[in-house]
Amino acid sequence: MRHRTSLKLFPLRKHSLLLHSRCKFSATQPRIENPNPLSSPNILLYNNLLKICHQECKKLQSRHVLDELPQKAARASKACKTIHVQSLKHGIASQDHLGNAIVDLYAKCGDMVSAEKSFFGLENKDSMAWNSILLMYSRHGLLENVVEAFGSMWNIGVWPNQFSYAIVLSACARLVDVELGKQVHCSVMKTGFEFDSFTEGSLIDMYAKCGYLIDARRIFDGVVEPDNVSWTAMISAYVKVGLPEKAMEVFEEMQERGCVPDQVASVTIINACVGLGRLDDAHQLFSQMASPNVVAWNVMISGHAKGGKEVEAIQFFQDMIKASIRPTRSTLGSVFSAIASVANLSLGLQVHALAVKQGLESNVYVGSSLINMYAKCQKMEAASEVFNSLGEKNEVLWNALLAGYAQNGSACEVVKLFRNMRLSSFDTDEYTYTSILSACACLEDVEMGQQLHSIIIKNKFASNLFVGNAVIDMYAKCGALGDARRQFEQMLTRDNISWNAIIVGYVQQEEEEEAFIMFQKMVLEGVVPDEACLASVLSACANIQDLNKGKQVHSLLVKYGLESGLFAGSSLVDLYCKCGNVTSASEVFFCLPDRSVVSTNALISGYAQTNINYAVHLFQNMLVEGLRPSEVTFASILDACSGQVYMLGRQLHSFILKLGFSYDDEFLAISLIGMYYNSGRLEDARLLFSEFTKLKSPVQWTAMISGNIQNDCCEEALLGYQEMRKFNVMPDQATFASVLKACSTLASMQDGRKIHSLIFHTGFDTYELTASSLIDMYAKCGDVKSSVQVFSEMVSKKDVISWNSMIVGFAKNGFAEDALKIFEEMKRASVKPDDITFLGVLTACSHAGMVSEGRQIFKDMTSRYDVRPRVDHCACMVDLLGRWGNLKEAEEFIERLDFEPDAMIWSAYLGACKIHGDDIRGQKAAEKLIELEPQNSSSYVLLSNIYASSGNWCGVNSLRKEMKEKGVRKPPGCSWIIVGQKTNMFVAGDKFHPRAGEIHVLLKDLTALMKDEGYFFDIGSVRDSDQLESILSSSQE
1 MRHRTSLKLF PLRKHSLLLH SRCKFSATQP RIENPNPLSS PNILLYNNLL
51 KICHQECKKL QSRHVLDELP QKAARASKAC KTIHVQSLKH GIASQDHLGN
101 AIVDLYAKCG DMVSAEKSFF GLENKDSMAW NSILLMYSRH GLLENVVEAF
151 GSMWNIGVWP NQFSYAIVLS ACARLVDVEL GKQVHCSVMK TGFEFDSFTE
201 GSLIDMYAKC GYLIDARRIF DGVVEPDNVS WTAMISAYVK VGLPEKAMEV
251 FEEMQERGCV PDQVASVTII NACVGLGRLD DAHQLFSQMA SPNVVAWNVM
301 ISGHAKGGKE VEAIQFFQDM IKASIRPTRS TLGSVFSAIA SVANLSLGLQ
351 VHALAVKQGL ESNVYVGSSL INMYAKCQKM EAASEVFNSL GEKNEVLWNA
401 LLAGYAQNGS ACEVVKLFRN MRLSSFDTDE YTYTSILSAC ACLEDVEMGQ
451 QLHSIIIKNK FASNLFVGNA VIDMYAKCGA LGDARRQFEQ MLTRDNISWN
501 AIIVGYVQQE EEEEAFIMFQ KMVLEGVVPD EACLASVLSA CANIQDLNKG
551 KQVHSLLVKY GLESGLFAGS SLVDLYCKCG NVTSASEVFF CLPDRSVVST
601 NALISGYAQT NINYAVHLFQ NMLVEGLRPS EVTFASILDA CSGQVYMLGR
651 QLHSFILKLG FSYDDEFLAI SLIGMYYNSG RLEDARLLFS EFTKLKSPVQ
701 WTAMISGNIQ NDCCEEALLG YQEMRKFNVM PDQATFASVL KACSTLASMQ
751 DGRKIHSLIF HTGFDTYELT ASSLIDMYAK CGDVKSSVQV FSEMVSKKDV
801 ISWNSMIVGF AKNGFAEDAL KIFEEMKRAS VKPDDITFLG VLTACSHAGM
851 VSEGRQIFKD MTSRYDVRPR VDHCACMVDL LGRWGNLKEA EEFIERLDFE
901 PDAMIWSAYL GACKIHGDDI RGQKAAEKLI ELEPQNSSSY VLLSNIYASS
951 GNWCGVNSLR KEMKEKGVRK PPGCSWIIVG QKTNMFVAGD KFHPRAGEIH
1001 VLLKDLTALM KDEGYFFDIG SVRDSDQLES ILSSSQE
C-alpha cells in the first residue's frame, strides 16, 4: 500500500502545533543577533556544558549492541537534565551551539517532550536543531511528523542540508510515498544538493524502496563517483526486490572501480550471496571484513542455518563468541534454529545458559526459538518450562509449543494446549490449525478433525494452502479417504504437499491403485513430483511387489536427479528387497553418497531372509561406519534368527542390552520374544516376557499368545489371554484373532463364545479380521450355523480373508454346495479370490465329488485369475481326481507338474489308491513317499492297509519289519472332551492316565453293549482275535 502525503500535513503532536505558531514564515532565513552576549565566567561554563553534551552524545553513538540502549539512554537523559538546569539557571540554555546540543542530546535519549520544549525555546533554530528533531521523529516511527517538521523548516526559511534530506527521504521510503519523495527530490535540485553523495544515496534508496527501480538506477548511473552510500543503496535495492544476481553485478562493478566496501555494503552483499545460496562467496566476503559487526555475524549464522549448513552456522556462532562479539536476540534465534536441526542438546543447554546470563531468555523471539530447540531434541518438559517462565505470551509462543508436542507425537498434549490457548483468548492462525490437525491425524480422531474443519471454514482459513494440506493429511490418516479426496478436489491452489498428502493417504490405507492414479494425474497436470512423493509411490510398488512399476519410478528419480536422496534411496532399496531382487537393492545402496540407518535397515531386512550371513556382515559394516543400530535393525535380523542361527539371536540380545535399549520399546520387545518362540525356546520366551515392566499394551501380550499357539501350546495361550484380562489390558483385533485361533485348535467353543461376547461389547465385531477369525473358530468347532450368522452380520466384506474363512469353513464341514455359492457371491461382490480361496473351493469339490467343477475352477485359477498353483493346490486336485476313481488322470496330472512332486502330493495319491484298492499304483506312491519322508509313519500305515485289504500279509509283515529297523514309530491318536471347565485328553495306548482303571471298566461294558446291539468291528486288517482284543482294550476314545 502506498501513502500519499504532501508537505502541508496535519499536526500529530501537541508541540508540533507550536512549530507553526511560534515561527515567522519567510522565503529567506532571518539573521538573528544575540541580544545577550556572554560574560567571561559564563563563557567558561558554556564551553564546559557544551563539551559534556558532546561527550554524552558520543557515548550514545558508540554503543555496539542494541540491548544496551535503555541503560545508556537513561544515564544520558539524567546528565542532559542536569546540563539543562544549569544552562537555564545562567540564562544560556537557548543560545547557539549549547541549545542545539541540548536538543540533540534529548532527542538521542528518546525524551521527545523535553527535546521539543528545548527546541521551541531556542533563539536560533538552525539546520542542526531541525535535524535533531527530524531524526528523533524518524527513530520513533513518527514518519508524518518528520515530513511535517521538514515542511515547517522549509517554510521558515531554514535551508535543509544533506542530512535533512537523508532523514526526510528515508521517511518517504518507509511511507512508500514516491510522490512526496519526488517533491523532496525537486527541493534537493533547487538547493543544489543533487550531486552530494549522501543525498544521492538517499534518493536511490527512496526510489528503490518505493518500487521505482528504474528511477533509482537512473540516479545511480548519473553519479560520477559513487561512494559507499550510493553503491550500498543500489545493492540493497536489488536485494530488496528479489534480484540478488543484479546486486552481485553492482558489487562486482564496485570492486572493479576500486571502491572498498564499508561494513554496511559488505553486510548487504553478503546478504545477497546468502539469498542466492552462494554461501562460499558469502564466507569469502565475510573473511575480508576487518572487524565484522554483530549484523554481519548474524547474516552469516542465519544464512547458513537456513541453507541447511547447521554445523557451519554453529561454528560461526562459536567464532563470534571467541571474537568477543556479544550476541543479540537475532543471533540466538538463528543459532537455536541450527541447534534444533542437528538436535545437539548439550550445545543447546550451553547457549540457553548464555541467553540467561545476558538477560535475553525472556524475549519472545528467543523464547520461541528455545521451545523449538528443546522440542527438536525431544525434551518437551524443558520446552514447557520455557513457555511457562515467559511472562508475556503471544500466538508465536503458543504455536511453537503446539508444534513441538505435535512433532513428538504427544497428540493428547496438543489437544489440551489448544483448548487452553482458546480459553486464554489468543487468536488461532494457520500454524495453530496445522498442529492441532496433525494431532487429530495421530489420534485418528476423525470426529474432532471434522469439528476443527468446521471452525476453519468459519474463520475463513479453508482457502489457506497450509491448512488445506493439513486437512487432507488428517482425513487420510484417519482412513476417511473420501473426505480427503473431496477436500483435495475443492482446493483452488495445490502444491507438492497437497499431492503428497493424498497419495500417501492411499498408500497407507493400502489402496495402491488409487495412489498410482493420483500420481499419474499429478504428472499430467505438469506438477513435478518431489523426492517425498516418489518415495511414497515406491512404497506402493513395494507393498504390491510390482517391480515393473517400481523400475519406472526409479527412472523418474534418475531423470529428476533424486535417486541419491535419503528418502528415495531408502525406498528404492526397500522396493528391490521386497520384490526379491536383493542384487539391485545392493547396487542402489552402495551408490548412495550418504548411507543412513534407514537405508541400511532396508538392505539388512532384504538379506536377512535369504542370506543371514551377509545380513550380519552389513550389520557389522554399519557399526564400523559409526551408524547406531535402531530397533528396526535388530528386529530385521532377529526375525531370521531361528533354528540353526538361534545363537546369533542370543548374541544380538546381549548386544541390545549392552547398547542400553529398553524392553519398553514394543517393537524391539516383540522381535526378541518372537525370536525365542520361533526357535522353540519356550522357557526363554516366558522368562523374557516376565522381565517386561510395562504390560499395559496389548501388543506384547498378543506376541506371547501367538508364540504359544505357534508352538502348539494353545492351552498356555488361553491362560496368557486370561492373565492379560486380569491386568485390565484391553485386547485389540490382533489379540482376538490369535486367541480365537487357539480356541479353533482346541475346538474349545465354550472359550470362543466368551471371547465373542467381549468382541461384541468392545465393538471389534465390525472389524473384518476379527469377524474372519470368529467365522473360522465356529467352523472348526463344527458350529457352521454360527459362522454363517457372523458372516451375514458383517458390515464390510471388502477383504478376501472373510470370504475365505466362510468358504473353507463350509468345505471342511462337508457343505460343498454352500462353499461354491459363497464363491460365486464373492465374485459378484468384485472381491478378487486368492490362493487360499481356490484351496477352499477345490477342497469342497473334492469332498463332494464335483470333479468337473473342480477341473474348471483349477483352470480358471491359472488362466483367469493368474494365481500360480502351489503344492497344496496340486495335492487337492490329485485328491479330487483320485478320490472319485480317476486314478489314471491323477497320475497323469502328477506327471505334468513342472516341479518335483512332494510328500503332500504323493500322500494324497496314496490315499486315493487305498480307497480304490489299487495295489500297483499304491505301492508306487508309497515308495515315493517313503523315499521323501523315511521317518513318517503315515505312508507305511497306508501301504500296510492296502496290503491287508488285498490279503497280502507278507507285504504287511515286511513293512512292519522295515519300520522297526528304521525306528519309525506311529504317533498315537488322541481325542479330548471338555467337561465343565476341564479339558480331558485321551491318547491311544496310554496306560498311565490318572483314571485309566475307570476307563477300562467302562470300555468293557461298552464293548459288551456293542456286541449285544449287533455291532461288529471291521477285522479286515486284523489277523487274530488277540490283536482285536488288544485294540479294543487300548482304545480310550
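Note that the UniProt record's numbering gives residue 90 to position 90 of the sequence shown, counting from 1, and the numbers run on in steps of one.
Beta carbons: idealized from backbone N, C-alpha and C, even for Gly.
Helix, strand or coil at residue i according to DSSP, with G and I counted as helix
i, result
"I325", "coil"
"M491", "coil"
"I977", "strand"
"F838", "helix"
"F986", "strand"
"K376", "helix"
"Y212", "coil"
"S21", "With a pLDDT of 34 at S21, under the threshold of 50, the predicted position of this residue should be treated as unreliable, though the coordinate-derived value follows. Correct three-state label for S21: helix."
"G439", "The amino acid at residue 439 is misidentified as Gly; the sequence shows Ala. Helix, per DSSP."
"Q450", "helix"
"I1003", "It should be noted that the sequence gives Leu, not Ile, for residue 1003. Residue state, collapsed to three classes: helix."
"I894", "helix"
"P226", "coil"
"E444", "coil"
"D67", "Reliability fails at D67, whose pLDDT of 45 lies under 50, so the model's placement of it is uncertain and the value that follows must be treated cautiously. In the structure shown, D67 sits in a helix (DSSP, three-state: H, G or I)."
"L695", "coil"
"Y865", "coil"
"L592", "coil"
"A247", "helix"
"N548", "helix"
"L566", "helix"
"N34", "For N34, the predicted model reports a pLDDT of 46, less than 50, meaning its position is unreliable; a value from the coordinates is still stated below. Coil, per DSSP."
"R855", "helix"
"L180", "helix"
Whole-number beta carbon distance between residue j and residue i, since they are thought to touch under 8 Å
i, j, result
"T268", "I321", "Their Cβ separation, rounded to whole angstroms, is 24 Å, which puts T268 and I321 out of contact at 8 Å."
"L423", "L402", "That pair is no contact at about 14 Å."
"L740", "S786", "Wrong, their Cβ atoms sit about 12 Å apart, outside the cutoff."
"Y677", "A669", "No, Y677 and A669 are not in contact; Cβ-Cβ is about 13 Å, not under 8 Å."
"Y576", "V588", "7 Å"
"N394", "V366", "Not a contact, Cβ separation roughly 13 Å."
"A166", "T199", "7 Å"
"N581", "L547", "7 Å"
"V168", "W130", "Wrong, their Cβ atoms sit about 10 Å apart, outside the cutoff."
"S87", "L98", "6 Å"
"S337", "S369", "6 Å"
Short Cβ contact (8 Å threshold) for residue i with residue j
i, j, result
"T745", "C714", "yes"
"E817", "A848", "yes"
"M136", "A107", "yes"
"T837", "N804", "yes"
"G359", "M380", "no"
"D732", "K694", "no"
"I371", "V356", "no"
"A233", "G258", "no"
"A470", "L437", "yes"
"L839", "C781", "no"
Worksheet entry | contact_flag[the segment 108–119, the segment 143–162] where n(CB pairs < 8 Å) is 3 or more | no
Item to complete: Write down every uninterrupted run of the alpha helix (DSSP H) in the segment 107–157 whose length is 4 residues or greater and which is fully enclosed by it, in chain order.
Response: 112–120, 127–139 and 143–155
Worksheet item: Is it a yes or a no for the segment 564–572 touching the segment 522–529, going by three-plus beta-carbon pairs under 8 Å?
Response: no
Practice prompt. Can you check the segment 634–667 for any alpha helix (DSSP H) of at least 4 residues that lies completely inside it and give the ranges in chain order?
Written response: 646–658
Practice prompt. Count the CB pairs spanning the segment 243–250 and the segment 286–301 that are closer than 8 Å, and state whether there are at least three.
Written response: no
Worksheet item: What are the uninterrupted segments assigned as alpha helix (DSSP H) that are 4 or more residues long and contained completely in the UniProt repeat "PPR" (799–833), given in chain order?
Response: 800–812 and 816–828
Worksheet item: Any contact of the segment 701–720 with the segment 757–764, i.e. 3+ C-beta pairs under 8 Å?
Response: no
Practice prompt. Run through the UniProt repeat "PPR" (495–529) for me and flag every whole alpha helix (DSSP H) of 4 or more residues, listed as ranges in chain order.
Written response: 496–508 and 512–524
Practice prompt. Identify every run of the alpha helix (DSSP H) within the segment 909–936, keeping only runs that are complete inside it and at least 4 residues long; order them along the chain.
Written response: 919–932
Worksheet item: Which runs of the alpha helix (DSSP H), 4 residues or longer, sit entirely within the segment 740–794?
Response: 749–762, 768–780 and 784–793
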